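The opening residue of the sequence shown carries number 349 in our numbering; numbering runs sequentially from there. Just so you know, even glycine gets a beta-carbon here, dropped at the ideal spot from N, CA and C. No experiment lies behind these values; they were computed from the predicted model shown. Notes follow once the structure below has been shown.
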Amino acid sequence: MSGSGERRVSVAPGEEPLPEVDQDDLATHRTDDPHVGRHKTDKQPSTVHVARKEGGDKLQNILSEGTYKKIYDHSPHSVFVQLDELLCNPEGESEWQERARWIKYEEDREEGSDRWGKPHVASLSFHSLLNLRRCLETGVVLLDLDEKDLPGVAYRVVENMVTSQLIEEDDKPVVMRSLLLRHRHVHEDKGFRFSISGRKHASYTSLQSLWVEEAGAGRPRCSLCSASGACRRHSAHLIVRDSPVRNLADQRRRRSSHALPMDRSERKKSSSAAIDMKEVEYLASTIIEGSQDELRKGHNESIMKRIPEDSEATTVLVGAVGFLEQPTIAFVRLAQGILMPSITEVPIPVRFMFILLGPSDADLDYHEVGRSISTLMSNPSFHSIAYKADDRRELLSGINEFLDDSIVLPPGDWERQALLPFEELRAKSEQIRKRKRDAIEKKRAASITEKSPSDEKKALLEAEKGSPPPKEPDDPLSRSGRLFGGVIRDIKRRYPHYMSDFTDALNGQCAAATIFMYFAALSSAITFGGLLAEKTQGQIGISETLVFTCAGGILFALLAGQPMMITGATGPLLLLDDALNGFCQSYGFDFLAARMYCGLWMIVIALAVASVEGSVAVKKITRFTEDIFAFLISLIFIGEPITNIISVYRNHPLGVDYCAFQNQTLNDTMLDVNGTGILDNSTTVTVTPELPTLPRPNTALFCTILTLSTFIIAYYLRIFRNGKFLGRSARRALGDFGVPIAIVLMVGVSRLVPVWTETLRVPAGLSPTADRSWLVPANPGLETIPFWAMLVMALPALMVYIIVFMETHIAELIIDKPERRLKKGSGFHMDIVIMSMVNGVCGMFGAPWQCVATVRSVSHVSALTVMSTTHAPGDKPHIVEVKEQRLTGLLVSFLCGISVLASSWLRLVPMAVLFGVFLYMGISALGGIQFWDRCILLLKPVKHHPQVPYVRRVPTLKMHMFTLIQLAGICILFAVKSSRFSLALPFFLVMMVPLRMTLVYLFTPLQLRALDGAQKEIDKDDEPDFYEEAPLP
């Protein structure tokens, strides 16, 4: 590069006297012979603490107190790791290309598509980890390096590489240029950019060509030069041409002349070109100031949301070059994070740098070593060690710990199915760590026993001086030993948050949850109300269901200890009303009057149980009993639509000559009507035959289509919720509104097709379904119940209370799980009392029994759960908070109540559509019942059994025995339900609890924990399904 037209410009040192060490360094660099004045170096590599010089007072004189604290701030931060590899672009220029990144998991750049691949756990080769360890043993380790920009860091790294004899003096300029090459990131804008200078991108090596144009402009020295550290006081040389470049084409040719030499011969020719740090820094500042804002505007904001706010970056630079004879390595921890916008993909401070350059023929896979150090830095344990390490040995110890906790997969021709499930691999890893912890604890215990009594006394005194032990969380199901102690504790726990229960609801998410839950509650109320009208011969129907879903829901939302639960009519209570109606018909009692006495007895029973804190007994109800009850309800829900369709086929049979049969029937009816009119000429009688009782063509087939179509639409929209089509919000909306969508579509079809079907019977306005008064005592029928029957009604009331007790407490246990992160507490003792009082009011007005609806309550809490949007790519969203308040439940109940005014619309709903909803609820509930999964295993060979706890930890014969015991219990309950003693079904259900307690003589505690305690495994890629979370439909 030298010639007659060139002149050499040198930068003189500052006017202030330099320390003796710096003068020696300056004299060394001014000599052309690299071996003159070279510092003596040890053969063994050493750790360099750049900011930790001897004499702390001298350092404090240079640095302010705030800077001093920042330098030694070694508290671990979250990390963002970026792996760049030195490659050639299509134009043949060398550049650092981003190959992978780590936020929590590894993301690799997809070749060809220039986008990020799927986040995954990094799989490392054991050989690359050993190579990384050797690199750190022999390379440069700079801890607490006090530099403010990339050129300064690169200069100090290169200087230490020379000092450590990793590179020669002649290699300094070219290694420096390679470290300052431009960085190309994924999704980088490749479109047209208008630039006066014609540059497509800025890199530190291209700054030399810019200096050609700006050297004659007489720019002042950079302000950083006078305030720089020791590295800036080292003078260097820069070759500058006398003639400036005249046009953009000449400038591009000039820049290309400074391309990185890729072999050692070219490096020898260009070794005379040194780099002046002052000029490089000055020109870098002029470009970075303009490019930093451009980068911030263009970078992906969604990725910035996934990175914690206090994160610091780790930049890994690896690559093969032709000008080195052996690999050179540097691990750098900066004194404080500095922004390097041209280096990192995202504008966050860089704290760590790892550099690995070497010849292409070395026995070293640079990419794999880069992945290894990147994975280590993304590992929480190792990067904490890297932040706090004082020397090289601690870093090597961190690698050893990483290897100790790793599991190596042997080579071989195996497939994914041959691997153990991830849970088992994680369990093995935990066992390894547990054995290490136990060994450490044994050593610690042995050292403690060797202490003298005085040492033990001192240790006890120090423990007493420490902070008091943390207070255990309040268990709402623990006994206090006082009368109504549980209710009093619930009030003290929940009511202090009463005002916030309304202020916390003033947000958009609560409004959206209100709309969603309104349609869910309305469809359930219509379904149960319509079926209840059929079971009770119209004494209780949709009007009563809607009105008292409103009244009971508002009362519960205002007073409950857990107002997040949604109340309403449920399937088990519908079965009890059906049984009680049959009981009353057998003994000639008025059904509504008997229900009124049952409601009053429920209040008495609830107060008696709450006084002795009887709600703690819910802990005895295990999955054994829940599965039996849930499967029985699901079986009944599936059987009801089948029974209804069979009934429709009987009333409207299929016939070959249906029209002739219908005409004959109608003619006979008309004759009877005319004959009746002739008997009494003085009175005009208009008799309309009950056409629905007549056989109708196509009704049976059309009802079958409506029932099955409603089920299919609702069921597959539920599956679509966790599908892969559309976005997450669209899928959730369609899945959550699956039942209302199915009802609306099928009602529309029934109106378009001219086939008669039975529809809901809904009275106009705010009136009961039957022709009676709202208040039961105002109606005739109380006299049908003698005094002894009033007392006997305590037994049906006890049965209803058992169902309300189980459903309410099971729902509250599901909602109050620790993983849901509810903070305002619950009300196990108080809520059951409030629910019984609501049912007492329902009995007085002839309304259906109310209870906490498990599925609706779980879906309500899920709708009010705020999930994280800043989690790392590949990580599952976690719960940030739950909007705990009372307003949504109150509004949902109110909207259900005013829906009774839309009776003209409700009368359009065919009964066949409601039975399709029942079929959907019954089949969907099977997905969350472990008993059903084990029933399927009865028909499968052992080799096809899934890897779940109750299969792996329990012998197959004993697992099937447990299943058959549950099946026997279900058969007993179904027999009771189908007999005259169906009203006693809750009593036999309670008997399942002592049956479960006797199983301790047949199964070991470990087997019972696997069979009766393990929850159903849910695919982590799916969102939790409401029917799988709630055991009761």
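| Item | Value |
| --- | --- |
| Cα-Cα separation, N999 to G834 | 54 Å |
| Rounded straight-line distance, which links the Cα of T884 to that of L1274 | 28 Å |
| Cβ separation of D497 and F671, assumed to be a contact under 8 Å, to the nearest whole Å | D497 to F671, Cβ: 25 Å. No contact. |
| Among L665, M950 and S423, nearest to V717 - alpha-carbon criterion | L665 |
| Rounded distance between the beta-carbons of V1148 and M944, thought under 8 Å | With 8 Å as the limit, M944 and V1148 do not qualify as a contact, their Cβ atoms being about 13 Å apart. |
| Close-in-space but distant-in-sequence residues of the same chain around T1055 (CB under 7 Å, 5 per side omitted) | P989, I993, A1260, F1263, G1264 and L1267 |
| Three-pair Cβ contact test at 8 Å for the stretch 909 to 925 versus the stretch 1185 to 1200 | yes |
| CB contact check: G1245 to chain E, cutoff 8 Å | Protein chain content of the structure displayed is limited to a single chain, and chain E is not contained in it. |
| Coarse secondary structure for P1303, derived from DSSP in three states | coil |
| Distance between beta carbons of A1195 and I981, contact taken as under 8 Å | In fact, because the Cβ distance is near 21 Å, the residues do not count as touching under 8 Å. |
| Backbone secondary structure at H531 - three-state DSSP | strand |
| Length at least 4, wholly inside the stretch 429 to 515: the alpha helix (DSSP H) runs in chain order | 474 to 486 and 498 to 511 |
| Nearest-angstrom beta carbon gap, L1238 and A905 [assumed within contact, 8 Å] | 4 Å |
| Environment of I976 [buried if 16+ CB atoms lie within 10 Å] | buried |
| Cutoff 6 Å; reference L1130; Cβ partners in own chain excluding five residues on either side | A941 |
| Residues near H319 in its chain [Cβ-Cβ closer than 7 Å; skip 5 each side] | For residue 319 there is no data in the structure shown, the boundaries of the chain being 349 and 1381. |
| Straight-line gap, I836 to I1158 (C-alpha atoms, nearest Å) | 21 Å |
| Endpoints, beta strand (DSSP E) assigned at L705 | V698 to P707 |
| Close Cβ partners of Q445 (< 7 Å) along its chain, the five nearest in sequence each way excluded | D432, E433, L435 and R532 |
| Rounded distance between the beta-carbons of R827 and G1173, thought under 8 Å | Not quite, the Cβ-Cβ distance comes to about 17 Å (not below 8 Å), so this is no contact. |
| Cβ-Cβ distance between R781 and D492 below 8 Å | no |
| 6 Å CB neighbourhood of W1280 in its chain, flanking five on each side removed | L1274 |
| For E1229, the first and last residue of its enclosing beta strand (DSSP E) | I1227 to V1230 |
| Check whether M524 and V501 have beta carbons under 8 Å apart | no |
| Expected contact under 8 Å - CB spacing of L751 and L477 to nearest Å | 6 Å |
| Proximity winner among R741, V1206 and G1188, relative to G869 (alpha-carbon distances) | The sequence shown places Ala at residue 869, not Gly. Out of R741, V1206 and G1188, V1206 has the C-alpha closest to the C-alpha of A869. |
| Host beta strand (DSSP E) of F679 (start-end) | T676 to I686 |
| Span of the beta strand (DSSP E), counted from its first residue to its last, around M1215 | T1213 to M1215 |
| Runs of alpha helix (DSSP H) wholly within the stretch 1239 to 1322 (minimum 4 residues, chain order) | 1251 to 1254, 1259 to 1274, 1278 to 1285 and 1297 to 1300 |
| Which of helix, strand or coil DSSP assigns to V694 | coil |
| Per-residue DSSP class, three states only, for H383 | Because the pLDDT at H383 is just 40, under 50, the model does not fix this residue reliably, and the value given afterwards should be weighed accordingly. Correct three-state label for H383: coil. |
| 7 Å Cβ shell around S1216 - same chain, five flanking residues per side excluded | P1225, H1226 and V1228 |
| A1316 vs V1324 beta-carbon contact at 8 Å | no |
| Limits of the beta strand (DSSP E) - the one that A668 falls within | E660 to V669 |
| Cβ pair V1110, L1254 closer than 8 Å | yes |
| Nearest-angstrom beta carbon gap, M913 and A1211 [assumed within contact, 8 Å] | In fact, because the Cβ distance is near 13 Å, the residues do not count as touching under 8 Å. |
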